Amino acid sequence: MLDIAVATFLVAVPLTGCGAQDQPRDENQQGFSSIDEAYTAVDDILDCESDPVGEPVVPMGDGVRLTSAQKLCFENVQVDLYADQDALRESYRILSDSNQGKVHVVHGKNWMVVDVSELATGQPSPRNIERLAKELSGEYAIVGS
Numbered sequence: 255m256l257d258i259a260v261a262t263f264l265v266a267v268p269l270t271g272c273g274a275q276d277q278p279r280d281e282n283q284q285g286f287s288s289i290d291e292a293y294t295a296v297d298d299i300l301d302c303e304s305d306p307v308g309e310p311v312v313p314m315g316d317g318v319r320l321t322s323a324q325k326l327c328f329e330n331v332q333v334d335l336y337a338d339q340d341a342l343r344e345s346y347r348i349l350s351d352s353n354q355g356k357v358h359v360v361h362g363k364n365w366m367v368v369d370v371s372e373l374a375t376g377q378p379s380p381r382n383i384e385r386l387a388k389e390l391s392g393e394y395a396i397v398g399s
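Position 138, counted from 1, in the sequence shown is what the working numbering calls 392; the numbers after and before it change by one each time, with no gaps.
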């Protein structure tokens with residue numbers, strides 16, 4: 255049931271311009287050619303679970319999925335791959351505009367790691383995804399409220 259609530263949060267966020275946090279920038283950021291390549295890079299740093307429970311939360315924009323591929327690293331931590339910068343920015347904006355809780359993200363040119371642990375459990379995340387920003391030339395942010 256919690257997965258449904260988290261999924262709903264990504265789809266049902268009002269799309270008003272209510273002060274979204276800084277938009278992702280793509281200069282000098284690393285990109286990946288496939289979800290497997292992105293997942294392997296994240297796994298090398300975070301040591302992902304071999305078979306995490308659950309399904310990734312699918313970010314939606316105008317009724318279509320924004321990601322081109324997704325894979326869970328942990329139950330509440332997922333790796334998202336995007337076909338283009340517009341889709342990544344829209345997904346980031348949806349997360350930023352949420353008022354349902356804090357979401358930790360690291361993003362690069364065409365990928366994002368999303369940690370919804372705090373939102374899903376009410377407790378701080380046991381994962382330190384901030385390390386990904388340094389090691390993968392990405393950008394770390396805490397979005398939502």
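Glycine residues also receive a C-beta, built at the ideal position from the N, C-alpha and C atoms. Computed from a predicted structure; not experimentally measured.
Review point. In this structure, does DSSP put E303 in helix, strand or coil?
Key: Locating residue 303 in the sequence shown gives position 49, counting from the first residue. E303 falls in the coil class under three-state DSSP.
Point to revise | Proximity to D316 [Cα-Cα], best of L386, H358 and E344 | key: To locate residue 316, count along the sequence shown from 1; it is residue 62. Checked all of L386, H358 and E344; the closest Cα to D316 is E344.
Check your understanding: With distances taken from CA atoms, which of K388, Y394, G355 and V333 is nearest T321?
Key -> Numbered from its first residue, the sequence shown carries residue 321 at position 67. If we check each option's Cα against that of T321, V333 comes out closest.
Exercise for review: Go through the region 347-399 residue by residue and report every complete run of the beta strand (DSSP E) that reaches 3 residues or more, in order.
Suggested key: 357-361, 365-369 and 393-397
Check your understanding: Which residues in the same chain have their Cβ closer than 7 Å to the Cβ of A292, if we skip the five residues on either side of it in sequence?
Key -> Here residue 292 refers to the residue found at position 38 when the sequence shown is read from its first residue. Same-chain partners within the cutoff: F286, V333, L335 and W365.
Exercise for review: Please name the residue, chosen from N353, G376 and Y394, that lies closest to E200 on a Cα-to-Cα basis.
Suggested key: Outside the displayed range of the chain (255 to 399) lies residue 200, so it cannot be described from this structure.
Exercise for review: Spatial neighbours of G362 within its chain, please: CB distance less than 7 Å, with the 5 preceding and 5 following residues excluded, ordered by chain position.
Suggested key: Sequence index remark: in the sequence shown, residue 362 carries index 108 (1-based). The residues are Q283, Q284, G285, L390, S391 and G392.
Check your understanding: Just how far apart, CA to CA, sit P380 and A295?
Key -> Against the sequence shown, residue 380 aligns to sequence position 126. Against the sequence shown, residue 295 aligns to sequence position 41. Answer to the nearest angstrom: the Cα atoms are 19 Å apart.
Review point. Using the beta-carbon count (16 or more within 10 Å), is A341 buried or exposed?
Key: Along the sequence shown, read from residue 1 onward, the residue named residue 341 stands at position 87. Answer is buried; the Cβ neighbour count reaches 16.
Review point. Between Q275 and the rest of its own chain, which residues show a CB-CB distance below 7 Å, the 5 nearest in sequence each way excluded?
Key: By 1-based counting over the sequence shown, the position of residue 275 is 21. With a pLDDT of 45 at Q275, under the threshold of 50, the modelled position of this residue cannot be trusted; read the value that follows with caution. Here the set comprises S350, A395 and V397.
Review point. Roughly how many angstroms lie between the CA atoms of V370 and D301, to the nearest whole one?
Key: Numbered from 1 along the sequence shown, position 116 holds the residue referred to as residue 370. Numbered from 1 along the sequence shown, position 47 holds the residue referred to as residue 301. Cα to Cα, V370 sits roughly 17 Å from D301.
Exercise for review: Report yes if the C-beta distance between C327 and P313 is below 8 Å; otherwise report no.
Suggested key: The residue labelled residue 327 in the question sits at position 73 within the sequence shown. The residue labelled residue 313 in the question sits at position 59 within the sequence shown. Going by C-beta atoms, C327 is not nearer than 8 Å to P313.
Exercise for review: Go ahead and pull the three-state DSSP assignment for Q275.
Suggested key: Here residue 275 refers to the residue found at position 21 when the sequence shown is read from its first residue. Because the pLDDT of Q275 is 45, which lies under 50, any placement of that residue in the model is unreliable, and the question is left without a value.
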